[in-house]
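For the sequence shown, the numbering used here begins at 48 and goes up steadily by one. We put the beta carbon where it would ideally sit given N, CA and C, even for glycine. A quick note: this is a predicted structure, and the numbers were derived from the prediction, not measured. These notes are about the structure you will find just below.
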Amino acid sequence: MIAPSILNADFLNLKKQIEIINESEADWVHLDIMDGVYVPNISFGIPIVEAVNKVSKKPLDVHLMIVNPEKYVGKFAKAGAYNITVHYEACTHLHSTVHQIKDQGLRAGVALNPHTDVSLLRPILSDIDMVLIMTVNPGFGGQQFIEFSYEKIRELRNLAANLNPDLLIQVDGGVTLENIGKLKQSGVDVFVAGTFVFKSNDPLQTIRALKEKV
Ligand code: DX5
Ligand code: ZN
């Protein structure tokens with residue numbers, strides 16, 4: 048699956064950007080919520096998710112890069128989220144937060160920063176629908192893909208083989224036509240791409256090219 052991130056889209060023409068995703072072969076719209084505390088950047092919040100939800104025909108994949116995400120799960124659910132992904136590093140009571148997301152009828156994801164070992168998810172792997180392996184440090188679009196990520200993906204795929212064979216593995220950061228094939232081979236199911244799609248000359252065609260590779 049391909050999930051274009053609108054973080055680097057043209058916000059003055061957000062409706063148009065979502066319509067491009069609607070027309071495209073993309074599977075989800077990826078929405079990056081940043082609070083300026085958990086990550087050194089502030090993006091957008093609940094009103095934008097609500098607005099996107101009014102136009103989007105694709106499910107909303109909400110990636111919370113915020114502290115205390117449990118305070119906002121209900122609000123993002125109401126705003127139209129399909130998935131909510133929280134960071135392992137930002138949750139004191141991760142098991143509880145994951146079940147809070149599921150109790151809203153949503154799919155629960157857990158994101159890992161580049162330095163966080165996948166084995167830490169073992170106790171919770173069978174409770175969740177998706178793991179997001181950050182392939183850059185969260186906070187900004189347009190960064191360089193971290194090569195060690197392949198090893199983490201393979202390790203997670205092995206760990207999930209027994210504990211949760213249906214687990215989706217998502218990657219986020221620096222995904223391009225160059226690395227998407229190798230990422231797929233390593234075991235990735237969902238590819239987030241921001242800059243590569245929205246800074247290209249033809250986002251619709253770029254999404255198609257990515258989709259052809261997966
Ligand atoms: C980064 C965000 C990403 C970002 C990816 O913290 O989580 O979703 O938009 O952007 P690119 O594809 O530009 O690396
Ligand atoms: Zn993201």
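Contact test: residue i Cβ vs the ligand DX5 heavy atom, cutoff 7 angstroms
i      : result
Asn55  : yes
Pro161 : no
Gly189 : yes
Thr242 : yes
Val222 : yes
Val183 : yes
Met112 : yes
Gly228 : no
Gly127 : no
Gly186 : yes
For residue i, the residue or residues it bridges with in DSSP
i      : result
Met177 : Gly156 and Leu215
Ile89  : Asp82
Ile49  : Phe238
His110 : Asp79 and Thr132
Between the CA atoms of residue j and residue i - distance to the nearest angstrom
i      : j      : result
Ile254 : Trp75  : 12 angstroms
Ser52  : Asn209 : 31 angstroms
Asp213 : Leu107 : 20 angstroms
Tyr129 : Arg154 : 6 angstroms
Lys231 : Ala73  : 16 angstroms
Asn211 : Lys246 : 36 angstroms
Tyr119 : Ala137 : 13 angstroms
Lys199 : Val165 : 7 angstroms
Gly234 : Arg204 : 6 angstroms
Val178 : Ile131 : 11 angstroms
Val183 : Val114 : 19 angstroms
Val99  : Leu111 : 16 angstroms
Pro94  : Lys125 : 11 angstroms
Ser103 : Gly186 : 24 angstroms
Glu117 : Lys149 : 12 angstroms
Leu141 : Phe238 : 24 angstroms
Gly152 : Asn160 : 26 angstroms
Check your understanding: In chain order, what are the residues with a CB under 6 angstroms from some non-hydrogen atom of the ligand ZN?
Key -> Ser52, His77, Asp79, His110, Asp219 and Val239
Exercise for review: Decide yes or no for the touch test of the region 75-90 against the region 55-63: beta carbon pairs closer than 8 angstroms, at least 3 of them.
Suggested key: no
Point to revise | Validate contact between the region 214-229 and the region 184-198 using beta carbons, cut 8 angstroms, 3 pairs | key: yes
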